[in-house]
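Right, one structure below, let's go through it.
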């Protein structure tokens, strides 16, 4: 019954979405510190996705919300813009991991290593750190170099991806998960200890001050600026994701994910295909790493622990691995939960504690619930929604394509049965 | 001189190695039957360490530990820890893994990763509520050491770890080879559907596997706490990973392999920790010993994925 209702659900009527957006932006504008209003605006993106309108209209409204309404009503609030750009950073990373886990089906538990590679690439060369091992007093570089370093970070991370992938991708399935986990830890330990014999990463002290981006002499260091930088990068990554999904290599990834043996016998080179997935996913993480380093102005190895990798994995799995809107939703949800909801809850409990209402041990602070929440989410998703909140649509559209294909009848095996299904449907109508 | 510390390094390595070996048994038994990496096994080991330490702390607080024979105390602690971790293992299997049997292979793995994180935080919460901190110092039952000639000494607690680990391994081997349930386990490992046609209750056998593997892991946790003194909720993760490495090194699914792999890995790690620094002139010190262990895992998976006891893999469990 519930399923029937869901099937007949055509989407949210357009006026509802518009009223929602208008209502919450007005609320945020007038009630300056309303978290609920801010969350309402963020969630309007999900609403827009489910709105019953043509995709052009939906994209237009989405762009309007992201580019104009959010900066306009929340732009002067550093905190909201910080949360929004944080969400953006994780969305971008999750989309990168989605290529590896979602499209190619390679469970990568060391993804944060590539993020670290990008971040360190920018951090080392934009500060005086590089003088430690490159002769000549060439560094630090100015913030203008941020833009070329987006490309450098991409390339460095892609090279990292290929170098790690070459040995790692020979193992399969569960083993791959463990090996990538091991590699992620190895990279972190190396970054943590590479202050000797040559000081490259400055070890556990980390690197600071990393210059913030500059454009034509204008500093772009506020969360407001980063919001737009991240938005551009996400737009690029989403576009790349969609293009990849329907390209030759994207189909090869999905074929490898579904059945390695069958894919191989159709002439797909397993190693090359997997390497391409690894390198592509890694390169996105590298770009985001550069932005992260510039935004934080300080990085050290503690930002690149296994928890980060698992967090990004949770975003992909929760949203729906292989589904681009799903991954965006998952990343936004998990990030908002982490950086906003839990913090608010913990502030609330602290205020209660100060008023003497409850006694809260330090360890029970909700902002430390990360592992618990990730753990529960992973178990529940695995048990009840293994395809995520917004499952990938691939299979359905492909079967429809075969059904409606003119050549459907002439095909063999399962395809011919599908063609017959089409015929009988045709007779009925 | 470098060689002067060698006997001590070997003793430390053996102690560590036998712990890896027993934890590796849990991974390898489950893998042998379900072909699934029980990611949460390291956390079961950690829970065992906490249960054991809590038992000792509570007995101590009641004043009962003072006059008790340390062997009796250890025996009781092990028994309680094994019972609780065994039940925990079976419970996890029932709730988080059994519904996923037959699902795509990555799904149970994801669930297992979730269980692993959940357990870490649950233990931290419990300790935070009970003691307001999550690092515990275990009361040490055995102090003193037995001298080995004039150059090294083996601490009594380390000797106990080694002896108990050997006892556990021998009893497991006997159980699997001589008893009816052991034969049933081997049959299920070879072919589940055929075994079930032979009136073997596959679900029960899998439960039994989790029970035995988890209680062995829990017992190792107690021994770990006894040997190193301080524990925290995160000890299980890296140790579990290394025990898994040991299982792969010996040939996953193979019980003898897990034992040999564990001891070998412990020795290698101890040696690398002690000698990597001096040999490379201080450039790469003991801080790289985890890197060393993971590199072994990666190298084995690349060049000899069937492990050292490759031929025997068919025997599985």
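Protein chains in written order, with our numbering: chain U, 1 to 429; chain X, 1 to 317.
For glycine and all other residues, C-beta sits at the position ideal for the given N, C-alpha and C.
Predicted, not measured: the structure shown is a model, and the values here were computed from it.
Test item: CB-CB of residue i and residue j under 7 Å
i, j, result
"residue 237 of chain U", "residue 329 of chain U", "no"
"residue 173 of chain U", "residue 105 of chain X", "yes"
"residue 233 of chain X", "residue 131 of chain X", "no"
"residue 258 of chain X", "residue 65 of chain X", "no"
"residue 332 of chain X", "residue 245 of chain X", "Here chain X comprises residues numbered 1 to 317, so residue 332 of chain X is not present and cannot be evaluated."
"residue 299 of chain U", "residue 158 of chain U", "no"
"residue 159 of chain X", "residue 70 of chain X", "no"
"residue 186 of chain U", "residue 294 of chain X", "yes"
"residue 319 of chain U", "residue 388 of chain U", "yes"
"residue 58 of chain U", "residue 48 of chain U", "yes"
"residue 250 of chain X", "residue 285 of chain X", "no"
"residue 316 of chain U", "residue 166 of chain U", "no"
"residue 11 of chain U", "residue 50 of chain U", "yes"
"residue 335 of chain U", "residue 90 of chain U", "yes"
"residue 102 of chain U", "residue 321 of chain U", "yes"
"residue 75 of chain U", "residue 234 of chain U", "no"
Straight-line gap, residue i to residue j (C-alpha atoms, nearest Å)
i, j, result
"residue 412 of chain U", "residue 253 of chain U", "Note that residue 412 of chain U scores 46 on pLDDT, short of 50, meaning its location in the model is unreliable; the coordinates nonetheless yield the value given after this. Looking at the two C-alpha atoms, the distance is approximately 24 Å."
"residue 119 of chain U", "residue 302 of chain U", "13 Å"
"residue 139 of chain U", "residue 212 of chain U", "15 Å"
"residue 5 of chain X", "residue 101 of chain X", "49 Å"
"residue 21 of chain U", "residue 27 of chain X", "52 Å"
"residue 260 of chain U", "residue 133 of chain U", "44 Å"
"residue 241 of chain U", "residue 104 of chain U", "12 Å"
"residue 279 of chain U", "residue 327 of chain U", "19 Å"
"residue 350 of chain U", "residue 339 of chain U", "16 Å"
"residue 207 of chain U", "residue 285 of chain U", "19 Å"
"residue 31 of chain X", "residue 390 of chain U", "32 Å"
"residue 42 of chain X", "residue 205 of chain U", "30 Å"
"residue 283 of chain U", "residue 154 of chain U", "4 Å"
"residue 359 of chain U", "residue 353 of chain U", "6 Å"
"residue 22 of chain X", "residue 183 of chain U", "25 Å"
"residue 156 of chain X", "residue 264 of chain X", "22 Å"
"residue 271 of chain X", "residue 281 of chain X", "16 Å"
"residue 167 of chain X", "residue 211 of chain X", "18 Å"
"residue 303 of chain X", "residue 54 of chain U", "54 Å"
"residue 313 of chain U", "residue 337 of chain U", "15 Å"
"residue 428 of chain U", "residue 264 of chain U", "Caution is warranted here: a pLDDT of 41 is assigned to residue 428 of chain U, below 50, making its placement in the model unreliable, and the coordinate value is therefore given only provisionally. Each residue's alpha carbon lies about 40 Å from the other."
"residue 208 of chain X", "residue 85 of chain X", "13 Å"
"residue 109 of chain U", "residue 201 of chain X", "35 Å"
"residue 96 of chain X", "residue 57 of chain X", "31 Å"
"residue 40 of chain X", "residue 256 of chain U", "28 Å"
"residue 117 of chain U", "residue 160 of chain U", "7 Å"
"residue 171 of chain U", "residue 235 of chain X", "27 Å"
Per-residue burial, residue i [other beta carbons within 10 Å of its own, 16 or more giving buried]
i, result
"residue 323 of chain U", "buried"
"residue 78 of chain U", "exposed"
"residue 242 of chain X", "buried"
"residue 308 of chain U", "buried"
"residue 17 of chain U", "buried"
"residue 81 of chain X", "buried"
"residue 108 of chain X", "buried"
"residue 133 of chain X", "exposed"
"residue 295 of chain U", "buried"
"residue 188 of chain U", "buried"
"residue 218 of chain X", "buried"
"residue 425 of chain U", "Caution applies to residue 425 of chain U, whose pLDDT of 46 falls short of 50 and renders its modelled position unreliable; the value that the coordinates give is listed next. Result: exposed."
Residue i: CB within 6 Å of a non-hydrogen atom of the ligand ZN
i, result
"residue 285 of chain X", "This structure lacks the ligand ZN; in fact it carries no ligand of any kind."
- Ranges of the beta strand (DSSP E) found wholly within the segment 73 to 142 of chain X, counting only runs of at least 3: none
- Query: Taking three-plus beta-carbon pairs below 8 Å as touching, is the segment 121 to 131 of chain U in contact with the segment 183 to 198 of chain U?
  - Reply: no
- Query: Counting Cβ pairs closer than 8 Å, one from the segment 36 to 52 of chain U and one from the segment 10 to 27 of chain U, do we hit at least three?
  - Reply: yes
- Query: What are the uninterrupted segments assigned as alpha helix (DSSP H) that are 4 or more residues long and contained completely in the segment 186 to 274 of chain X, given in chain order?
  - Reply: 192 to 197, 202 to 228, 235 to 250, all fully within the segment 186 to 274 of chain X.
- Item | Inter-stretch contact at 8 Å, needing at least 3 Cβ pairs: the segment 181 to 189 of chain X / the segment 5 to 15 of chain X | no
- Message: Just to confirm the assignment: which complete beta strand (DSSP E) runs, minimum length 3, are found wholly within the segment 321 to 363 of chain U?
- Response: none
- Task: Run through the segment 97 to 171 of chain U for me and flag every whole alpha helix (DSSP H) of 4 or more residues, listed as ranges in chain order.
- Result: 112 to 126, 146 to 168
- Task: Evaluate the contact criterion for the segment 43 to 61 of chain X versus the segment 190 to 201 of chain X: three or more CB pairs, one atom per stretch, below 8 Å.
- Result: no
- If we count Cβ pairs, one from each stretch, closer than 8 Å, do we get three or more for the segment 133 to 147 of chain X versus the segment 380 to 387 of chain U? no
- Query: Are the segment 111 to 125 of chain X and the segment 368 to 375 of chain U touching, with three or more C-beta to C-beta distances below 8 Å?
  - Reply: yes
- Looking at C-beta atoms only, is the number of pairs between the segment 80 to 94 of chain X and the segment 13 to 23 of chain X that lie closer than 8 Å three or more? Touching, no.
- Task: Evaluate contact between the segment 80 to 91 of chain U and the segment 244 to 252 of chain U, counting only Cβ atoms and requiring at least three cross-stretch pairs below 8 Å.
- Result: no
- Task: Ignoring anything shorter than 3 residues or poking outside the segment 138 to 174 of chain X, list the beta strand (DSSP E) runs there in chain order.
- Result: 145 to 148, 152 to 155
- Return the chain-ordered ranges of every alpha helix (DSSP H) run that is complete within the segment 211 to 247 of chain U and spans a minimum of 4 residues. Those alpha helix (DSSP H) runs which fall completely within the segment 211 to 247 of chain U and span 4+ residues are 223 to 245.
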